Amino acid sequence: MTSPIRRALDALYAAAGVAAAACLVLILVVIVLQMAARWAGVTFPGSAEYAGYLMASASFLAFSSALNAGSHIRVGLFLTALGEKRFWGELWCLLIASAASTYLAWYAIRAVYWSYKLGDVSQGQDATAIWIPQVPMAAGAVLLAVCFLDNLVTLLVTRNDNIRPGTFDQPGAE
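The opening residue of the sequence shown carries number 10 in this note's numbering; numbering runs sequentially from there.
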């Protein structure tokens with residue numbers, strides 16, 4: 010039986026994955042609108058920038074979902090080679106990843122804050138307030154940090170993390 014916290018975190022990671030997929034669909038919409046505008050001889054200022062913002066959002070929002078799905082490149086071969094000492098390798102990896110992702114999340118939040126405070130706008134014709142596309146990136150960075158910390162705590166408590174084995178982490182995979 011899983012705890013309410015485990016279910017809530019898994020639901021949060023899954024929701025971020027769905028939001029990332031929605032960003033990919035929106036990239037398609039922007040590209041199609043850009044093509045239609047070009048065919049109609051109408052300008053669509055900022056379309057390339059919007060596609061870029063959506064790509065960054067999709068990437069960062071997908072990180073936590075991908076981590077627990079085992080889709081991130083991991084050091085599975087090295088961890089498998091550790092044998093009985095695998096726990097210590099996992100612990101070391103999760104400690105480093107938790108520290109790095111927390112650092113990233115901290116500075117992503119600060120970037121949003123300062124962009125908002127300074128009224129920073131994009132350099133393209135759209136002149137979008139830059140903090141708006143930075144928010145999903147910062148949210149994804151925070152979720153990644155939470156996910157790594159979640160896996161670290163779970164590893165310390167249960168001696169297993171929440172990461173499902175990926176294709177290359179399974180014995181006999183080539």
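The beta carbon of each residue, even a glycine, is placed where N, CA and C say it ideally should be. Computed from a predicted model, the values in this text were never measured in an experiment.
Beta-carbon proximity of residue i to residue j, cut-off 7 Å
i, j, result
"residue 107", "residue 161", "yes"
"residue 18", "residue 159", "yes"
"residue 67", "residue 32", "yes"
"residue 2", "residue 38", "Lying outside 10 to 183, the shown extent of the chain, residue 2 is not represented and no answer is given."
"residue 25", "residue 165", "no"
"residue 168", "residue 96", "yes"
"residue 54", "residue 134", "yes"
"residue 156", "residue 76", "yes"
"residue 73", "residue 22", "yes"
Rounded C-alpha distance that separates residue i from residue j
i, j, result
"residue 140", "residue 90", "45 Å"
"residue 172", "residue 30", "20 Å"
"residue 125", "residue 59", "18 Å"
"residue 92", "residue 42", "53 Å"
"residue 61", "residue 16", "32 Å"
"residue 131", "residue 94", "49 Å"
"residue 49", "residue 144", "33 Å"
"residue 174", "residue 34", "28 Å"
"residue 52", "residue 136", "15 Å"
"residue 78", "residue 11", "17 Å"
"residue 85", "residue 46", "47 Å"
"residue 20", "residue 142", "23 Å"
"residue 44", "residue 121", "31 Å"
Any C-beta of chain C under 7 Å from that of residue i
i, result
"residue 82", "The question asks about chain C, but that chain is absent: this structure has only one protein chain."
7 Å CB neighbourhood of residue i in its chain, flanking five on each side removed
i, result
"residue 28", "70"
"residue 117", "146, 147, 150"
"residue 82", "none"
For residue i, the first and last residue of its enclosing alpha helix (DSSP H)
i, result
"residue 160", "140–167"
"residue 36", "13–49"
8 Å Cβ shell around residue i - same chain, five flanking residues per side excluded
i, result
"residue 99", "88, 164, 170"
"residue 129", "123, 138, 139, 140"
"residue 36", "60, 63, 64, 67"
6 Å CB neighbourhood of residue i in its chain, flanking five on each side removed
i, result
"residue 119", "none"
"residue 154", "110, 111, 114"
"residue 65", "146"
* In chain order, which continuous runs of the alpha helix (DSSP H) of length 4 or greater are located wholly inside the region 65–97? -> 85–90
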